[in-house]
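Protein chains in written order, with the working numbering: chain A, 23 to 249; chain B, 19 to 238. Just so it is clear, CB atoms sit at the ideal spot from N, CA and C, and this is done for glycine as well.
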């Protein structure tokens, strides 16, 4: 539902819609009071129906990255606790080998729903910032040119935000192994493949065992079968 | 996403996030725009406020027509067989004045967006004058209507609803006055007119509420 007072122009339009709505009711009521009531019911029902139908037709738009200069590879990395994991670094180093590569690391500021709704995000952003710094330092040491941002608490929204300013060739999502990963539990990788029109590479980082399992880009089966 | 860090092997980054630095920048979530949340909360509170007054009005109307043996609406003046007379025609004129002020407000905003300063200033002055006329006409109406809040429940709800709206108009006029002064001082431009936009939204909201009040209280 769109806010009828989202802008001055929309509010001005709403004034005229209100006049039209009540004018019909008054005309109906002037003829017969029950007709006025019937007009009110029908108009209200039609508006409710319009809102309902309108909501159903709003399908999410598949987002594709913008074009960038040829010969350059751009990687968008989304990771939280695993952002400085050795497996992720190794994978990025492998992907950057022999090709001029730009990496944008997005670290979602994960927060509890309650804290999110009361806008208490400072702690989450400080934690995300510290993890991002550690990751960027590790990449620097590994010779990878990268920039970093703190993203929305929702990883999919964080990716969508980053796509508006960065045009990646590939999306790399780093998670804990299945069973320990909240993102895998919420099907973040599968949803990212459905929502974004670019290859999605899933890197599993086992911080405890320090053993990486890399799932190929477009295979949903691989994503499901990740350990 | 406001935080942004560049990492390059040859450009070490300063440490961020320690306690002695500035707090992190304000984060505006992409999903919940603070402006949208704000305007929804405002509208919600206003709908509840007006809704409570309308509830009392309709309750009184239903009780009057059913409990008191199907007496007409508006009810009889106590001790007489004469109905209260609602000044619907004067209120209609007032409605036209307020709707016209919405037009001039929109003209002012559109002029600001197009860089037409003369149109902006003229629109703001006209809106201010029309709003003031509306308020003064309502004062005249109160003076001549011949009832007061202590007469009956109808009179109390009538003054309650129209008075509540008049308070909103007064607040709107205060905002409009500030915006008009700013318009004459050249504070608004095609790129920067957010204050005007917000004031316009409020003024149109006041207009919408008046249409609801007019139809409910004066016509139906």
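Between residue i and the ligand ADP, is there a pair consisting of the residue's CB and a ligand heavy atom that are separated by less than 6 Å?
{"i": "residue 169 of chain B", "result": "Of the ligands one can find in the structure shown there are none, so the ligand ADP has no counterpart to examine."}
Specify the secondary structure class of residue i as computed by DSSP and reduced to three states.
{"i": "residue 22 of chain A", "result": "Within the shown structure, residues of chain A are numbered from 23 to 249, placing residue 22 of chain A beyond reach of any answer."}
{"i": "residue 204 of chain B", "result": "coil"}
{"i": "residue 249 of chain B", "result": "A question about residue 249 of chain B goes unanswered here, because the residues of chain B that appear run from 19 up to 238."}
{"i": "residue 95 of chain B", "result": "coil"}
{"i": "residue 109 of chain A", "result": "helix"}
{"i": "residue 100 of chain A", "result": "strand"}
{"i": "residue 197 of chain A", "result": "strand"}
{"i": "residue 137 of chain B", "result": "helix"}
{"i": "residue 217 of chain A", "result": "helix"}
{"i": "residue 173 of chain A", "result": "strand"}
{"i": "residue 187 of chain A", "result": "helix"}
{"i": "residue 119 of chain A", "result": "coil"}
{"i": "residue 80 of chain A", "result": "Residue confidence for residue 80 of chain A is low, a pLDDT of 46 falling below 50, so the modelled location carries little weight; the figure read from the coordinates is stated next. Coil at residue 80 of chain A, not helix or strand."}
{"i": "residue 212 of chain B", "result": "helix"}
{"i": "residue 223 of chain A", "result": "strand"}
{"i": "residue 207 of chain A", "result": "helix"}
{"i": "residue 65 of chain B", "result": "helix"}
{"i": "residue 35 of chain A", "result": "helix"}
{"i": "residue 153 of chain A", "result": "helix"}
{"i": "residue 22 of chain A", "result": "This structure does not reach residue 22 of chain A, given that chain A is present from 23 up to 249, and the question cannot be answered."}
{"i": "residue 55 of chain A", "result": "helix"}
{"i": "residue 104 of chain B", "result": "coil"}
{"i": "residue 143 of chain A", "result": "coil"}
{"i": "residue 124 of chain A", "result": "strand"}
{"i": "residue 252 of chain A", "result": "Nothing can be reported for residue 252 of chain A: it is not among the residues displayed for chain A, which extend from 23 to 249."}
{"i": "residue 95 of chain A", "result": "strand"}
{"i": "residue 90 of chain B", "result": "coil"}
At least one CB of chain B closer than 7 Å to the CB of residue i: is that the case?
{"i": "residue 51 of chain A", "result": "yes"}
{"i": "residue 229 of chain A", "result": "no"}
Comparing the C-beta of residue i with each C-beta of chain A, is any distance below 7 Å?
{"i": "residue 59 of chain B", "result": "no"}
{"i": "residue 82 of chain B", "result": "no"}
{"i": "residue 111 of chain B", "result": "no"}
{"i": "residue 189 of chain B", "result": "no"}
{"i": "residue 237 of chain B", "result": "yes"}
{"i": "residue 225 of chain B", "result": "yes"}
{"i": "residue 158 of chain B", "result": "no"}
{"i": "residue 95 of chain B", "result": "no"}
{"i": "residue 231 of chain B", "result": "no"}
{"i": "residue 48 of chain B", "result": "The predicted position of residue 48 of chain B is uncertain, since its pLDDT is 49 and thus under 50; a value taken from the coordinates is nonetheless stated next. By this cut-off, residue 48 of chain B is an interface position."}
Report yes or no: do three or more beta-carbon pairs, one from the stretch 137 to 148 of chain B and one from the stretch 195 to 211 of chain B, lie closer than 8 Å? Contact between the stretch 137 to 148 of chain B and the stretch 195 to 211 of chain B is present: 3 or more CB-CB pairs across the two stretches fall below 8 Å.
Which of the residues in the stretch 28 to 48 of chain A, read from start to end, lie with their CB under 8 Å from any CB of chain B? Within the stretch 28 to 48 of chain A, contact with chain B at the beta-carbon level (separation under 8 Å) is assigned to 28, 29, 30, 31, 33, 34, 36, 37, 40, 41, 44, 47, 48.
Are at least three pairs of beta-carbons, each pair with one atom in the stretch 66 to 74 of chain B and one in the stretch 161 to 179 of chain B, less than 8 Å apart? Counting Cβ pairs under 8 Å, three or more are found: they touch.
Which residues, in chain order, does the stretch 196 to 223 of chain B contribute to contact with chain A at a C-beta distance below 7 Å? Answer in chain order: 215, 218, 219, 222, 223.
Evaluate contact between the stretch 131 to 151 of chain A and the stretch 66 to 74 of chain A, counting only Cβ atoms and requiring at least three cross-stretch pairs below 8 Å. Three or more Cβ pairs closer than 8 Å define a contact, and the stretch 131 to 151 of chain A falls short of that threshold against the stretch 66 to 74 of chain A.
Taking a Cβ distance cut-off of 7 Å, strictly less, list which residues of the stretch 88 to 116 of chain A are near chain B, in chain order. For chain B, none of the residues of the stretch 88 to 116 of chain A brings a beta carbon within less than 7 Å of one of its beta carbons.
Cβ-based contacts, 9 Å cut-off: residues of the stretch 118 to 130 of chain B near chain A: From the stretch 118 to 130 of chain B, only 120, 121, 123, 124, 127, 128 have a Cβ closer than 9 Å to chain A.
Can you find at least 3 beta carbon pairs, one from the stretch 217 to 232 of chain B and one from the stretch 24 to 38 of chain A, that sit closer than 8 Å? Under the three-pair Cβ rule at 8 Å, the stretch 217 to 232 of chain B counts as touching the stretch 24 to 38 of chain A.
Within 8 Å, do at least three Cβ pairs link the stretch 119 to 128 of chain B to the stretch 143 to 153 of chain B? Cβ pair count under 8 Å is three or more, so yes.
If you measure beta-carbon to beta-carbon, which residues of the stretch 190 to 220 of chain A are closer than 9 Å to chain B? Under the 9 Å Cβ criterion, the stretch 190 to 220 of chain A contributes no residue.
If you pair each beta-carbon of the stretch 204 to 213 of chain A with each one of the stretch 109 to 119 of chain A, do three or more pairs fall below 8 Å? Short answer: they don't touch.
Using 8 Å as the cut-off, can you tell me whether the stretch 117 to 134 of chain A makes contact with the stretch 163 to 181 of chain A, which would need three or more C-beta pairs spanning the two stretches below that distance? Short answer: they touch.
Could you tell me whether the stretch 145 to 157 of chain A touches the stretch 191 to 201 of chain A, where touching means 3 or more Cβ pairs closer than 8 Å? In short, these stretches do not touch, since the Cβ pair count stays below three.
The stretch 123 to 136 of chain B contacting the stretch 47 to 56 of chain A, beta-carbon criterion three pairs below 8 Å: Short answer: they don't touch.
Taking 8 Å as the threshold, find out whether the stretch 30 to 41 of chain A comes into contact with the stretch 203 to 220 of chain B through three or more Cβ pairs. As far as the Cβ criterion goes, the stretch 30 to 41 of chain A touches the stretch 203 to 220 of chain B, which means the pair count is three or higher.
Report yes or no: do the stretch 98 to 118 of chain B and the stretch 150 to 167 of chain B share at least 3 C-beta pairs separated by less than 8 Å? The stretch 98 to 118 of chain B vs the stretch 150 to 167 of chain B: in contact.
Cβ pair count under 8 Å reaching 3, the stretch 185 to 192 of chain B against the stretch 96 to 112 of chain B: Segments in contact, no.
Check whether the stretch 92 to 101 of chain A and the stretch 179 to 189 of chain A are in contact - that is, three or more C-beta pairs closer than 8 Å. The stretch 92 to 101 of chain A makes contact with the stretch 179 to 189 of chain A, as at least three CB pairs between them are under 8 Å.
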